[in-house]
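Numbering (UniProt numbering), first residue to last: 1 to 584. Contents: one structure, followed by commentary.
This is the structure:
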C-alpha cells in the first residue's frame, strides 16, 4: 500500500488553484502555480545543491511568512524532517532542542538572528541558512532552489515528516516525531469537522512552530484555500488583515479573542463587526460564556468551535461547536451547562472525538489493560493514526501494547460520548496559549540564594487565562521588598518602576530580595520571558501540605489571589471575576 505524503496536496495547487491567489504575506501575493513552483524548486535544491539526505533534520526558527510555509512543505518533500523551533525560546532552550535532533541545517530569519548565533556558537557544524535577510556567515536561502524538473517525492525513514516540540513532563523540550500519514489524517479531520473549503481565506494567527498552526496550515493547503500570514499576532494587525483580505477562517486561543474583541466592542459601531469571518476554531483553553458572547457579537457570521488537542496527537482530538449563527441552540446549551454544573462531575466539555480518533477515560491504573468508563473521573487515553510515532531520541515506549497514549489529562466522559476535562495530572499553567511547567520555574528559583522554598502556581487572568505566580519562603536573614512590576503585553517584556536592578553581588550582600531581582535572576538563568512569574508573594510560615507531605497548590492559588485583590499589575492584569469553564 502506498504511503501517504504531504506532497500529495500539491496537486490541487496545479490543477485547480494555478491562477488563484493562495498565499499573501507582507503584501506579496502568490498563485497556486507560483507557490507550487517555489516549493518544488526548493525541494530539489535541498537535495542537489545542499546534499540533503532522506532522514536529515532541518530546524527552522522564524516568524510566520509564506517563506516559512514553503520550507515547511519542501523539506519533507525532499525526504527530510522539518523541525520548527519556538522563536520565543531562550538560547538555552533552543540549544537543548538542537542537541536532541542534531539538525544538518538551521533556517533563521532576522528576528531569530541572535538565537541562531547562540546555536551556531555551540554547534558550529550546523549550517545556518538566512531566510529573507542577510546574516554574516549564513547561506542565503535564495541560493538553494534548483530547476523543478527533477522534483520527486521522497520519504524519510518511518515515514516521518515533522518533529514538533512539546514541553514534556519536565518542562524541557521534547520532540514529537510525526509522520506524513498523521499530518494527512489530521488535515482531513479538520476539513471534515471545521468545514474548511477552497473558498476559505485563512489568517495565520498561530505560530507555525506550534502544532495548531502547522496542522491548520496543512489542512488549508490540502483543501486549496488561501493563506494570509501575520509575522506575529497583534490584535490591530489581525483586524486590519481580516478587513483588507476579507478573511473567512482563523484559529485562536482565548487570549487572542479577548484582545480582538476588546478592540472592537468598546467602539460601539456596527461597522467594526468582522462579518467576513465564518469560522473560528478555539484551542489551548476553554472559553468563558462572556467571552463567547463577545466573540459572537464581534464576528456575527462566525461558527465558533473549540478543539481539544496536543502535540503528540498532531493537534486536535475532539471538537465541539460552541456557537452556530444558523441556530442559537448551541449557545443556550452551553449556558445551561454553566447554570446546571451540579448535574455534572465538573470540568469543561471538549466535545466528541474526531472520526479518526479513539478517546477513552479509564480509572484503571494499569495502562496495559485500559478500559473505558462513563461518568467516572479518570485518566484520558487516546489512540489513532493521527498519533506521533515516538518522542525523538527516546528509547522508551510512549504507547502501551494496545497503542493507547496517556494524555496526562484527567476527565470524564458523558453518556453522549462527550469528553469533559478536569485538568492536568501534572501541574501545568496555560498562559496565553503557552504551557508553563511549575516544576521548571520552581527549579530555577530554588537556585536563588534568598529562597528556602518556593511554590509556583497559575493565577486566573481575564486576558491570558492564567499568569504565572510564585510564593517564596525566604532564608533566615533575608528581607522581601515589594516593587511595582509592569508587564508590557505586546511582547511579554517586564520592566520595573524602580529602574534597573542593582548587580547580583550587591543583592546578595544586602540580602534584600524583590520581584524585580527575582525576575531578572530567572532571565539570567535562561528562563523564557513568558515563563517568568508575574505575581509574587512572600510566604510567612510553612506551606500547607497534604497528609503525604505534598504542597497544597489549591491553597497557594487562593493565597496568591488574595494577595493581588485590589492590586493591578501594570499592563492590565485583573483577578478573574467571570466564570471560566475550566474552573467549574
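Backbone N, C-alpha and C fix where the C-beta goes; we use that ideal spot for every residue, glycine too. Since we're looking at a predicted model, the values are computed, not measured.
Residue i burial status per 10 Å Cβ neighbour count (16 or more: buried)
i, result
"residue 16", "exposed"
"residue 437", "buried"
"residue 121", "exposed"
"residue 416", "exposed"
"residue 510", "exposed"
"residue 312", "buried"
"residue 13", "buried"
"residue 72", "buried"
"residue 456", "buried"
"residue 336", "Residue placement at residue 336 cannot be trusted, given a pLDDT of 43 that sits under 50; the coordinates are not used to answer."
"residue 64", "buried"
"residue 19", "exposed"
"residue 225", "buried"
"residue 516", "buried"
"residue 10", "buried"
"residue 227", "buried"
"residue 452", "exposed"
"residue 46", "buried"
"residue 176", "buried"
"residue 440", "buried"
"residue 545", "exposed"
Limits of the unbroken beta strand (DSSP E) element including residue i
i, result
"residue 123", "Segment: none, residue 123 is in no beta strand (DSSP E) and carries neither H nor E."
"residue 387", "No beta strand (DSSP E) contains residue 387, which DSSP labels as neither H nor E."
"residue 449", "Segment: none, residue 449 is in no beta strand (DSSP E) and carries neither H nor E."
"residue 277", "Taken as a continuous stretch (DSSP letters only), residue 277 belongs to no beta strand (DSSP E), as it is neither H nor E."
"residue 435", "434-437"
"residue 191", "Run containing residue 191: none in the beta strand (DSSP E); it sits in the alpha helix (DSSP H), 180-194."
"residue 166", "160-166"
Residue i and residue j closer than 8 angstroms at C-beta
i, j, result
"residue 419", "residue 357", "no"
"residue 221", "residue 203", "no"
"residue 307", "residue 299", "no"
"residue 251", "residue 179", "no"
"residue 81", "residue 161", "yes"
"residue 154", "residue 78", "yes"
"residue 324", "residue 249", "no"
"residue 466", "residue 459", "yes"
"residue 421", "residue 348", "yes"
"residue 433", "residue 284", "yes"
Residues that residue i bridges to, as DSSP identifies them
i, result
"residue 84", "60"
"residue 465", "461"
"residue 149", "According to DSSP, which records beta bridges pairwise, residue 149 is partnered with nothing at all."
"residue 96", "Its beta-bridge partners do not exist; DSSP assigns none."
"residue 215", "None, per the DSSP bridge assignment."
"residue 409", "424"
"residue 537", "471"
"residue 324", "327"
"residue 358", "383"
Extent of the continuous alpha helix (DSSP H) run through residue i
i, result
"residue 78", "Per DSSP, residue 78 belongs to no alpha helix (DSSP H) and is neither H nor E."
"residue 255", "254-264"
"residue 34", "32-48"
"residue 244", "235-245"
"residue 523", "515-524"
"residue 557", "553-564"
"residue 14", "10-15"
Meets three-Cβ-pair contact criterion under 8 angstroms: the stretch 393-400 and the stretch 126-144: no
Cβ pair count under 8 angstroms reaching 3, the stretch 104-122 against the stretch 24-33: no
Three or more C-beta pairs below 8 angstroms linking the stretch 513-533 and the stretch 437-449: yes
Stretch pair the stretch 52-63 + the stretch 102-109: three plus CB contacts closer than 8 angstroms: yes
The stretch 253-266 in contact with the stretch 72-87 per 3-pair CB rule at 8 angstroms: Contact between the stretch 253-266 and the stretch 72-87 is not established, with fewer than three Cβ pairs separated by less than 8 angstroms.
Cβ contact check for the stretch 138-156 and the stretch 182-197: 3 or more pairs under 8 angstroms: no
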